[in-house]
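Shown next, in structure tokens, is the structure this report addresses.
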Amino acid sequence: MIALLGYCLHLFAQGADSISLRPSFGVDYSGEVQTDFEHVRMANLLQLHAEIPISKSLTFQAASISTLSTNKELDVNDLQGFTNIDTYETNIPFALAVAGFTWQINDRHSLFAGIRRTDEDYFCSDGIGLFTNSSCGIFPTISWNYPIGTFPLAALGIHYVYGHENLCLQASVYNGEGYYRFTGRENVFRFCPKSDGIFAIGQAEYRHRGSHYYLGGTLHTDSDIQPTVWTYAEQALTPSLTLLAAYGHAFGSDNLCDNFYGLGGKYSFKRAELGLFTDYTRVLDINEWATELIGSYHLNDFLTVKPVLHIINTDGTTKCVGMLRVDFSI
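Read in order, the letters of the sequence shown correspond to residues 0 to 329 in numbering that gives the first Met the number 0.
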């Protein structure tokens, strides 16, 4: 459906250059086997995406997700989510992650309007994006406190980007709650500030000699306008070794999660990467330490294998989870 719609839009584009305005399509699949060393389960995520140029400055973008997991959950009961592709007992046959138009105003400014997930643009850097822990995809000071459009949910909104040399600025405004359905009250096309509120998020990124520094904040009008701030750094010590540090804080007294701390590193060599990340947070008066050791080996340009070990201490109880993930992309 996405491909057909995009192709039709492409056919009707007037004065389009058939070479420079060629549409692109892609498929990403991630599948993993999880075990708590007593039970085994599987999780699968399929993502389809397309970019259809309509003119030299206007592009239609679409992306979807489909998830399938075995029903029985592992006996872990963690707060942060040790995997970022699992929707657990709620399988999603098809849902929109992106559907809208991007206006490339000039070389530095762009504006998107439509359906979008926050993790399409935020918390998706090369360093922190290596890890499978869900807190690396969005800090729990945001995801626990707001019912926003982050995986597997999306929301209607606008997204602005300014990029120039070492500086990148982003700002987004979304419907205050995220959804994945196509019909009913919880449909992804819903924009109801009165009942759902409005969620605003912004981020500044500074790049210098292979290092990346991030500073961002959020507001949600349905939460007494209490802001959340975060910062994280990916400090390149050598071309192969990068250190990671992260911190997030939610202001106010009625939050489910007030603070998040993370520290780790990543080492790259040839086709392989090795990462270690440990973090701490407190949710509903429960303390949790989560440590992830991950390896990533690129077999070729399309296929990557990732063995992962999680050591999770929740409220004084320690659990270990092993995973083997396979990523395929074309």
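The beta carbon of each residue, even a glycine, is placed where N, CA and C say it ideally should be.
A quick note: this is a predicted structure, and the numbers were derived from the prediction, not measured.
Note to self: Give me the residue from I285, V320, E272 with the minimum Cα distance to L298.
What the structure shows: Position 299 of the sequence shown, counting from 1, holds the residue named residue 298. Selected option, being the one with the closest Cα: E272.
Notebook entry, point to check: Is it buried or exposed for G261, if we count other Cβ within 10 angstroms and need 16 for buried?
Noted result: Taking the sequence shown and counting its residues from 1, the one referred to as residue 261 is at position 262. Buried is the call here.
Checklist line | Complete runs of the beta strand (DSSP E) confined to the region 152–206 [at least 3 residues] | finding: If one requires a minimum length of 3 residues, the beta strand (DSSP E) runs lying completely within the region 152–206 are 154–163, 166–174, in chain order.
Notebook entry, point to check: Would DSSP call S56 helix, strand or coil?
Noted result: Here residue 56 refers to the residue found at position 57 when the sequence shown is read from its first residue. DSSP places S56 in coil when its eight states are reduced to three.
Next item on the list: Give me the Cα-Cα distance between A249 and N258, rounded to the nearest whole angstrom.
Entry: Residue 249 sits at position 250 when you count from the first residue of the sequence shown. Residue 258 sits at position 259 when you count from the first residue of the sequence shown. One C-alpha to the other measures close to 6 Å.
Checklist line | Distance between beta carbons of G148 and G183, contact taken as under 8 Å | finding: Residue numbering aside, residue 183 sits at position 184 when the sequence shown is read from its first letter. Residue numbering aside, residue 148 sits at position 149 when the sequence shown is read from its first letter. Between G148 and G183 the Cβ distance is about 17 Å, and since that is not below 8 Å, they are no contact.
Checklist line | Within 8 Å, strictly: CB atoms of N90 and S68 | finding: Sequence index remark: in the sequence shown, residue 90 carries index 91 (1-based). Sequence index remark: in the sequence shown, residue 68 carries index 69 (1-based). The answer is yes: Cβ separation under 8 Å.
Check: Which partner residues does W102 have in the DSSP bridge list?
Finding: Here residue 102 corresponds to residue number 103 of the sequence shown, with the count starting at 1. Note: W102 sits in a beta bridge opposite L57, L110.
Checklist line | DSSP-derived helix/strand/coil call for I329 | finding: On the sequence shown, residue 329 is found 330 positions in, with the first residue counted as 1. Coil, per DSSP.
Next item on the list: Evaluate H211 with the Cβ neighbour count: other Cβ atoms within 10 Å of its Cβ, from every protein chain shown; 16 or more gives buried, anything less gives exposed.
Entry: The residue labelled residue 211 in the question sits at position 212 within the sequence shown. Classification of H211: buried, given that the 10 Å Cβ count is 16 or more.
Check: Tell me the DSSP bridge mates of N43?
Finding: As a position in the sequence shown, residue 43 is number 44, starting the count at 1. Beta-bridge pairing links N43 to G30, L67.
Margin query: Please report the distance separating the alpha-carbon of L4 from that of I310.
Written below: Position 5 of the sequence shown, counted from the first residue, corresponds to residue 4. Position 311 of the sequence shown, counted from the first residue, corresponds to residue 310. Reliability fails at L4, whose pLDDT of 44 lies under 50, so the model's placement of it is uncertain and no value is given.
Notebook entry, point to check: Beta carbon of E37, beta carbon of R324: below 8 Å?
Noted result: Sequence index remark: in the sequence shown, residue 37 carries index 38 (1-based). Sequence index remark: in the sequence shown, residue 324 carries index 325 (1-based). Against a cut-off of 8 Å, the Cβ pair of R324 and E37 comes out as no contact.
Check: Buried or exposed: where does Y205 fall if 16 or more other Cβ atoms within 10 Å of its Cβ makes it buried?
Finding: Translated into positions along the sequence shown, residue 205 becomes position 206. With fewer than 16 Cβ atoms within 10 Å of its Cβ, Y205 is classed as exposed.
Check: Is it the case that the Cβ atoms of D27 and A289 are separated by a distance below 8 Å?
Finding: As a working mapping, residue 27 is identified with position 28 in the sequence shown. As a working mapping, residue 289 is identified with position 290 in the sequence shown. The answer is no: Cβ separation not under 8 Å.
Note to self: Check this for me: beta carbons of D326 and S134, under 8 Å apart or not?
What the structure shows: Against the sequence shown, residue 326 aligns to sequence position 327. Against the sequence shown, residue 134 aligns to sequence position 135. No, the Cβ-Cβ distance between D326 and S134 is not below 8 Å.
Next item on the list: Taking all protein chains shown into account, decide if G331 is buried (16 or more other Cβ within 10 angstroms of its Cβ) or exposed.
Entry: Nothing can be reported for residue 331: it is not among the residues displayed for the chain, which extend from 0 to 329.
Next item on the list: Leaving out five residues on either side along the sequence, give the residues of the same chain with a beta carbon under 6 Å from the beta carbon of I84.
Entry: Taking the sequence shown and counting its residues from 1, one reaches residue 84 at position 85. Hits under 6 Å: S29, A42, L44.
Item checked: Status (buried if at least 16 other CB within 10 Å, exposed otherwise) for R115 -> Numbered from 1 along the sequence shown, position 116 holds the residue referred to as residue 115. The residue in question, R115, is buried, as its Cβ has 16 or more Cβ neighbours within 10 Å.
Next item on the list: Determine which residues share a DSSP beta bridge with A271 and list them.
Entry: The residue labelled residue 271 in the question sits at position 272 within the sequence shown. DSSP, once it has assigned bridges, lists F268, Y296 as partnering A271.
Check: Considering only the beta carbon of each residue, do Y179 and A49 sit closer than 8 Å?
Finding: Along the sequence shown, read from residue 1 onward, the residue named residue 179 stands at position 180. Along the sequence shown, read from residue 1 onward, the residue named residue 49 stands at position 50. No, they are not a contact pair.
Check: Between I51 and T58, is the Cβ-Cβ spacing less than 8 Å?
Finding: Taking the sequence shown and counting its residues from 1, the one referred to as residue 51 is at position 52. Taking the sequence shown and counting its residues from 1, the one referred to as residue 58 is at position 59. Yes, they are a contact pair.
Note to self: In the DSSP output, which residue or residues are listed as bridge partners for W229?
What the structure shows: Counted from its first residue, the sequence shown places residue 229 at position 230. W229 pairs with G215, G247.
Notebook entry, point to check: Are P151 and C256 touching if we call contact CB-CB under 8 Å?
Noted result: Here residue 151 corresponds to residue number 152 of the sequence shown, with the count starting at 1. Here residue 256 corresponds to residue number 257 of the sequence shown, with the count starting at 1. No, the Cβ-Cβ distance between P151 and C256 is not below 8 Å.
Next item on the list: Can you grab the Cα-Cα spacing for the pair G175 / S239, in whole Å?
Entry: Within the sequence shown, numbered from 1, the residue matching residue 175 stands at position 176. Within the sequence shown, numbered from 1, the residue matching residue 239 stands at position 240. The straight-line gap from Cα to Cα measures roughly 40 Å.
Notebook entry, point to check: With distances taken between CB atoms, is the gap from L155 to R189 smaller than 8 Å?
Noted result: Indexing the sequence shown from 1 puts residue 155 at position 156. Indexing the sequence shown from 1 puts residue 189 at position 190. Using a Cβ distance threshold of 8 Å, L155 and R189 count as a contacting pair.
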